[in-house]
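S.K.: These protein sequence lines map, in sequence, to chains A and B. This note's numbering numbers the first residue of the first sequence as 2 and each following residue consecutively. This note's numbering numbers the first residue of the second sequence as 2 and each following residue consecutively. Note that beta-carbon positions come from the ideal geometry of N, C-alpha and C, so glycine has one too. Computed from a prediction, not measured in an experiment: that's the story for all the values here.
There are 2 protein chains.
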Amino acid sequence: MEYNLATRMIGDTLQLGLAGLGTVGTGVYETLCRNYELLEARAQISFAVKKVAVNNIHRERDLKIDPALLTSDWRELVDDADIDIIIELIGGTTEAYKLIKAALEAGKPVVTGNKAVLAEYGSELFKLSSEKGTPLYFEASCGGGIPIVQSLQNSLICNKVESIAGIINGTSNYILTSMKDKGMPFREALEQAQALGFAEADPSFDINGWDAAHKALILAMLAYGTPLNPDKIAVYGIERVESVDFVLADRLGYTIKLLVVIKHHAQQDALELRVQPSFVPKDHLLAKVDGVFNAIAVKGDIVGESIFYGRGAGKNPTASAVIGDIVLAMRECRLSGYHTGFQPYTKELSIMPMNETVTPYYVRFRVQDRPGVIAAIAAMFAKYDVDISATTSTNESVDSNGVRWNHLVFMVHACKWVRLKYVLRELTGNENIDRHPVVFRIETFND
Amino acid sequence: MEYNLATRMIGDTLQLGLAGLGTVGTGVYETLCRNYELLEARAQISFAVKKVAVNNIHRERDLKIDPALLTSDWRELVDDADIDIIIELIGGTTEAYKLIKAALEAGKPVVTGNKAVLAEYGSELFKLSSEKGTPLYFEASCGGGIPIVQSLQNSLICNKVESIAGIINGTSNYILTSMKDKGMPFREALEQAQALGFAEADPSFDINGWDAAHKALILAMLAYGTPLNPDKIAVYGIERVESVDFVLADRLGYTIKLLVVIKHHAQQDALELRVQPSFVPKDHLLAKVDGVFNAIAVKGDIVGESIFYGRGAGKNPTASAVIGDIVLAMRECRLSGYHTGFQPYTKELSIMPMNETVTPYYVRFRVQDRPGVIAAIAAMFAKYDVDISATTSTNESVDSNGVRWNHLVFMVHACKWVRLKYVLRELTGNENIDRHPVVFRIETFND
Chain A
2 MEYNLATRMI
12 GDTLQLGLAG
22 LGTVGTGVYE
32 TLCRNYELLE
42 ARAQISFAVK
52 KVAVNNIHRE
62 RDLKIDPALL
72 TSDWRELVDD
82 ADIDIIIELI
92 GGTTEAYKLI
102 KAALEAGKPV
112 VTGNKAVLAE
122 YGSELFKLSS
132 EKGTPLYFEA
142 SCGGGIPIVQ
152 SLQNSLICNK
162 VESIAGIING
172 TSNYILTSMK
182 DKGMPFREAL
192 EQAQALGFAE
202 ADPSFDINGW
212 DAAHKALILA
222 MLAYGTPLNP
232 DKIAVYGIER
242 VESVDFVLAD
252 RLGYTIKLLV
262 VIKHHAQQDA
272 LELRVQPSFV
282 PKDHLLAKVD
292 GVFNAIAVKG
302 DIVGESIFYG
312 RGAGKNPTAS
322 AVIGDIVLAM
332 RECRLSGYHT
342 GFQPYTKELS
352 IMPMNETVTP
362 YYVRFRVQDR
372 PGVIAAIAAM
382 FAKYDVDISA
392 TTSTNESVDS
402 NGVRWNHLVF
412 MVHACKWVRL
422 KYVLRELTGN
432 ENIDRHPVVF
442 RIETFND
Chain B
2 MEYNLATRMI
12 GDTLQLGLAG
22 LGTVGTGVYE
32 TLCRNYELLE
42 ARAQISFAVK
52 KVAVNNIHRE
62 RDLKIDPALL
72 TSDWRELVDD
82 ADIDIIIELI
92 GGTTEAYKLI
102 KAALEAGKPV
112 VTGNKAVLAE
122 YGSELFKLSS
132 EKGTPLYFEA
142 SCGGGIPIVQ
152 SLQNSLICNK
162 VESIAGIING
172 TSNYILTSMK
182 DKGMPFREAL
192 EQAQALGFAE
202 ADPSFDINGW
212 DAAHKALILA
222 MLAYGTPLNP
232 DKIAVYGIER
242 VESVDFVLAD
252 RLGYTIKLLV
262 VIKHHAQQDA
272 LELRVQPSFV
282 PKDHLLAKVD
292 GVFNAIAVKG
302 DIVGESIFYG
312 RGAGKNPTAS
322 AVIGDIVLAM
332 RECRLSGYHT
342 GFQPYTKELS
352 IMPMNETVTP
362 YYVRFRVQDR
372 PGVIAAIAAM
382 FAKYDVDISA
392 TTSTNESVDS
402 NGVRWNHLVF
412 MVHACKWVRL
422 KYVLRELTGN
432 ENIDRHPVVF
442 RIETFND
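(1) Whose Cβ in chain A lies nearer than 8 Å to the Cβ of Pro318(B)?
(2) Is Ala82(A) buried or exposed, if buried means 16 or more other CB atoms sit within 10 Å of its CB?
(3) Are the C-beta of Phe309(A) and some C-beta of chain E separated by less than 9 Å?
(4) Closer than 8 Å is the cut-off here; do at least three beta carbon pairs connect the stretch 121 to 130 of chain B with the stretch 115 to 125 of chain A?
(5) Would Leu40(B) pass as a contact of Val328(B) if the rule is Cβ separation under 9 Å?
(6) In chain A, which residues lie with their C-beta within 8 Å of the C-beta of Asn36(B)?
(7) Going straight from the alpha carbon of Tyr452(B) to that of Phe366(B), what length do you get?
(8) So what does Gln16(B) bridge to, in DSSP terms?
(9) Taking the alpha-carbon positions, what's the His265(A) to Gly305(A) distance?
(10) Spatial neighbours of Tyr339(B) within its chain, please: CB distance less than 6 Å, with the 5 preceding and 5 following residues excluded, ordered by chain position.
(11) Do you know offhand how far Met381(B)'s Cα is from Glu427(B)'s?
(12) Which residues of chain A have a Cβ atom closer than 9 Å to the Cβ of Leu40(B), listed in chain order?
(13) Determine the extent of the beta strand (DSSP E) in which Asn209(B) is found, giving its start and end residues.
(14) Give the DSSP-derived three-state secondary structure of Pro361(B) in the structure shown.
(15) Pull up the DSSP beta-bridge partners for Lys1(B), would you.
(16) For the ligand ATP, I want to know if Leu157(B) counts as a neighbour, meaning its beta carbon is within less than 8 Å of at least one of the ligand's heavy atoms.
(17) Can you name the residues of chain A whose CB is closer than 7 Å to the CB of Ala322(B)?
(18) Say whether chain B places a C-beta atom closer than 9 Å to the C-beta of Ser152(A).
(19) Could you name the residues that DSSP lists as bridge partners for Glu306(A)?
(20) Assuming contact is defined by CB atoms lying nearer than 9 Å, are Met180(A) and Val79(A) in contact in what I supplied?
(21) Three-state secondary structure (DSSP) at Asn174(A)?
(22) In the structure shown, what three-state DSSP assignment does Arg442(B) receive?
(23) For Val299(A), which option in Gly315(A), Leu223(A), Leu350(A) has the closest C-alpha, if you only look at C-alpha atoms?
(24) Report the option in His414(B), Asn356(B), Leu421(B) whose CA atom is closest to the CA atom of Thr445(B).
(25) Along chain A, which residues have their Cβ under 7 Å away from the Cβ of Ala267(B)?
(26) Taking Gly292(A) as the reference, which of His285(A), Ile352(A), Ala200(A), Val111(A) has the closest Cα?
(27) Let's see if you can read the secondary structure: which residues bound the beta strand (DSSP E) around Gln151(A)?
(28) For Val25(A) and chain B, any beta-carbon pair shorter than 9 Å?
(29) Just mark Glu89(A) as buried or exposed, buried being the case when its beta carbon has 16 or more other beta carbons within 10 Å.
(30) According to DSSP, is Arg275(A) helix, strand or coil?
(31) With DSSP as the reference, label Pro282(B) as helix, strand or coil.
(32) Just to make sure I have the definition right: I need the residues of chain B whose C-beta is within less than 7 Å of the C-beta of His444(A). Which are they?
(33) In the DSSP output, what is Asn407(B) paired with across the bridge?
(34) Mind checking Gln277(B): buried by the 16 CB within 10 Å criterion, or exposed?
(35) Using a Cβ-Cβ cutoff of less than 8 Å, which residues in the same chain neighbour Arg252(A) once the five nearest sequence positions on both sides are dropped?
(36) Roughly how many angstroms lie between the CA atoms of Ile176(B) and Ile87(B), to the nearest whole one?
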């Protein structure tokens, strides 16, 4: 079925098909109703929701919605010749992938807020969108209400993106903020976040970094026009961040944030792509982004540093982004054969191996308080030519054998990860050193 | 002359007419050359600069540009039937107004970075743009490289804007930052800013708040779709901020920023619109925006608080915004009879009188160290039912008559400005009190 919006007259009412009435879908429907007049006046386009696909049409809902709009089969939205734009908010990857693909193949523009499906199938779906000339909008998939996607596509379009660094998972940022401000251990901060509704019952993807990684993949595909998939990104979560690291970070002038880092290395034409808890200098704006808030710092060759801050999740902020895309989709429906969606793939960028990535580091050893321990560690750094910029230490505890343990911290100048890895590997055998040293990268934001 | 872009075929090369080769114009031309391939690939539109209007075509320039492109008459750009889009970067208001008006009347989309002309003639020009269906783009007129205009027009379109608060003058922010961090008095901080190129030889408009006020007017016209002009805004500059106020602000948990405040009062359907040095709580992100950087906080009814941070001025950041608009203009040239520019005027909003505006305040009196002075002041606050939340004081100096002077600070709970004004007026006659009390509004960001 070939679908041609260009045959419609301006002034027609555009028909929307909404798939999904979960949290975000409900927020979208409510907001479309609540601010309808404002939207029509601003966008100067008349529109209506024609059908809403849900899992169970008989389920009790808080939402006031005409039951005649509901269908349990999303295919009805794609097959309905009157529906101009599909809004995919069903979540998950299997059905969402099928729906987006079917809609694009039918020539119907798609708005989605689904990061998981784009992280996994984005390369294929963006390509399909490009080939079909049918736009795929995804502002709500990265950073909730923060207008990062449209800004990269439009206002910042003349910039080579040098790097993107961001805090794009609200749950983990809420937990890290509690650890910093209240001295809570990880487990307690997580439980409190769950009790307050800032973390889900199963918070795995927020805690282990994969939610942030999905968004990072989408941002990188967008900024560099390169296909990517989840295999390409190095991901570490916040599960192993300890209270003592916050104390030591603070003393050294840093705080700890779960950072997404996307950096283009022009010389190698390769992308550095990683998510991990990192040291952020206290005077950098990202260090001040607390609680459930998100922020994304973009460095462009022309604009310099820009930072976008706001609510990265939640019903209404995400609905705001979805509706921004719906209006853009409606505006672009007035075009034919052209869209402002994804830039075409020019080439596939290579990914820099983690071993080759260069940052300064914070390395904390838990060591027995005995003569020669510091010397042994320092000698190993020297052997691999890894340069120490500062050290600090703090007492930890006395164990059941009466042995005193200390935390020993080495701040290390920028070097390739592989070199530090060799140092740590060689020190693993040392009986005076706990076998799990703690390493954080330090993001300087200087390059 | 009626100009119809719709007759052109997709794939044609769009022709740009650039008026002005000052700092920003040069940045635009250089960037269009430098990132041309990137732009064509991303925008999928072929374009060229056909003519460049300058004051003096014989002037020596650092810029490499074919002299055949230059003309000394901007009318040539408007009259050239091949030129599709006009970029106005000549500055000033008189010629810029004529140029923009002529271009819109000729049906040619205009991109401008000129805040002065929009603050003064925006109401008329936006109306003309709307009537003609010819877009007027102005991202670069507010906040340099920060994509605030397009974000309000697109991603955030479903939001009723509750308030906008921002630091949108880099020079004054640089000066206030030096006063805060280095304890410099105003005059010294200004001179240093001039020596370093962060303030112009004549910095009047940056210092007296009018540059920020121009931008505030544009943002308010955009966010509320209402005509405005410079008479409508209350403007106070930073000339009278003293070092002692930074010391006291810090002690009380605040810093001082030149803030633009735009707030919609739904009950009265009126706009609060003002620019003035204000107390900002130290833990708010705006308090951390230092040096020449700008930041704009937008509260929407759906998205909540969003903050946009970046370089608010300078050749390249501003060029980035101009080119973002050029690409949008080129994309929208592919449309006919429709544009994403300014929302149509629905009504003219009333402006709230300053007397009616409500915030907490910081009030500093310079007083003689004598019995009864505090009592006299406190009694006057009580008389007008103005509630004091905290006080602090600091010794100032001993004058030539041997009289000791102190600074006496009263932190005042939120009340209408008119009530505090009465208190201050009644205290003017008191010989123990310096006749110029210092008042700062405190922005709480809570409503």
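M.R.: In short:
(1) Here the question's residue 318(B) lines up with position 317 in the second sequence. Ordered by position in chain A, the residues that pass the 8 Å Cβ test against Pro318(B) are Ile303, Val304, Gly305.
(2) Your numbering for residue 82(A) matches position 81 in the first sequence. Exposed, since its Cβ has fewer than 16 Cβ neighbours within 10 Å.
(3) Absence of chain E from the displayed structure is noted, the protein chains being A and B.
(4) no
(5) Reading the second sequence from its first residue, position 39 is the one you call residue 40(B). Reading the second sequence from its first residue, position 327 is the one you call residue 328(B). Result yes, Cβ atoms of Leu40(B) and Val328(B) sit closer than 9 Å.
(6) Indexing the second sequence from 1 puts residue 36(B) at position 35. Neighbours of Asn36(B) in chain A, taken as residues at a C-beta separation under 8 Å, are given in chain order as Cys159, Asn160, Lys161, Asp302, Ile303.
(7) For residue 452(B) there is no data in the structure shown, the boundaries of chain B being 2 and 448.
(8) One-based indexing of the second sequence puts residue 16(B) at position 15. Paired residues: Ala49(B).
(9) Reading the first sequence from its first residue, position 264 is the one you call residue 265(A). Reading the first sequence from its first residue, position 304 is the one you call residue 305(A). Those two C-alpha atoms are separated by around 15 Å.
(10) Here the question's residue 339(B) lines up with position 338 in the second sequence. Below a pLDDT of 50, predicted positions are generally treated as unreliable, and Tyr339(B), at 40, falls in that range; no measurement from the model is reported.
(11) Within the second sequence, the letter at position 380 stands for residue 381(B). Within the second sequence, the letter at position 426 stands for residue 427(B). About 8 Å.
(12) Residue numbering aside, residue 40(B) sits at position 39 when the second sequence is read from its first letter. Neighbours of Leu40(B) on chain A, chain order: Ile158, Cys159.
(13) Your numbering for residue 209(B) matches position 208 in the second sequence. From DSSP, Asn209(B) is part of no beta strand (DSSP E); its letter is neither H nor E.
(14) For the purposes of this step, residue 361(B) is taken as the residue at position 360 of the second sequence. Strand, per DSSP.
(15) Chain B is shown only over 2 to 448; residue 1(B) falls outside these bounds and no answer can be derived.
(16) Absence of the ligand ATP from the depicted structure is noted, as is the absence of any ligand whatsoever, leaving it without description.
(17) Working through the second sequence from its first residue, we reach residue 322(B) at position 321. Residues of chain A passing the Cβ test: Ser156.
(18) Here residue 152(A) refers to the residue found at position 151 of the first sequence. So yes, Ser152(A) belongs to the interface.
(19) Within the first sequence, numbered from 1, the residue matching residue 306(A) stands at position 305. For Glu306(A), which the question treats as bridged, DSSP gives the partners Lys300(A).
(20) Position 179 of the first sequence, counted from the start, is the residue given in the question as residue 180(A). Position 78 of the first sequence, counted from the start, is the residue given in the question as residue 79(A). No.
(21) Translated into the one-based positions of the first sequence, residue 174(A) becomes position 173. In the structure shown, Asn174(A) sits in a helix (DSSP, three-state: H, G or I).
(22) For the purposes of this step, residue 442(B) is taken as the residue at position 441 of the second sequence. Correct three-state label for Arg442(B): strand.
(23) Within the first sequence, numbered from 1, the residue matching residue 299(A) stands at position 298. Nearest option by C-alpha distance: Leu223(A).
(24) Against the second sequence, residue 445(B) aligns to sequence position 444. Answer by Cα proximity: His414(B).
(25) Here residue 267(B) corresponds to residue number 266 of the second sequence, with the count starting at 1. Near Ala267(B) there are no residues of chain A at all, since even the closest Cβ is about 13 Å away, more than 7 Å.
(26) As a working note, residue 292(A) is residue 291 in the first sequence. Looking at the Cα atoms, Ala200(A) is the closest of the given residues.
(27) Counting from one through the first sequence, the residue named residue 151(A) turns up at place 150. Taken as a continuous stretch (DSSP letters only), Gln151(A) belongs to no beta strand (DSSP E), being part of the alpha helix (DSSP H) at 149 to 154.
(28) Against the first sequence, residue 25(A) aligns to sequence position 24. By the rule that beta-carbons nearer than 9 Å mark a contact, Val25(A) does not touch chain B.
(29) Here residue 89(A) is taken as the residue at index 88 of the first sequence, counted from 1. Glu89(A) should be labelled buried.
(30) Residue 275(A) sits at position 274 when you count from the first residue of the first sequence. Strand at Arg275(A).
(31) Here residue 282(B) refers to the residue found at position 281 of the second sequence. In this structure, Pro282(B) counts as strand in the three-state DSSP scheme.
(32) In the first sequence, residue 444(A) corresponds to position 443, counting from 1. First, the residue type needs correcting, since residue 444(A) is Glu and not His in the sequence shown. Under the 7 Å cutoff, chain B gives no residues; its nearest Cβ is about 17 Å from Glu444(A).
(33) As a first step, residue 407(B) is located in the second sequence; it is residue number 406 there, counting from the start. Partner(s): Val368(B), Asn396(B).
(34) Within the second sequence, the letter at position 276 stands for residue 277(B). Classification of Gln277(B): buried, given that the 10 Å Cβ count is 16 or more.
(35) Along the first sequence, one-based indexing puts residue 252(A) at 251. So the qualifying residues of the chain are Thr393.
(36) As a first step, residue 176(B) must be located in the second sequence, where it is residue number 175. As a first step, residue 87(B) must be located in the second sequence, where it is residue number 86. Rounded to the nearest angstrom, the two C-alpha atoms are 36 Å apart.
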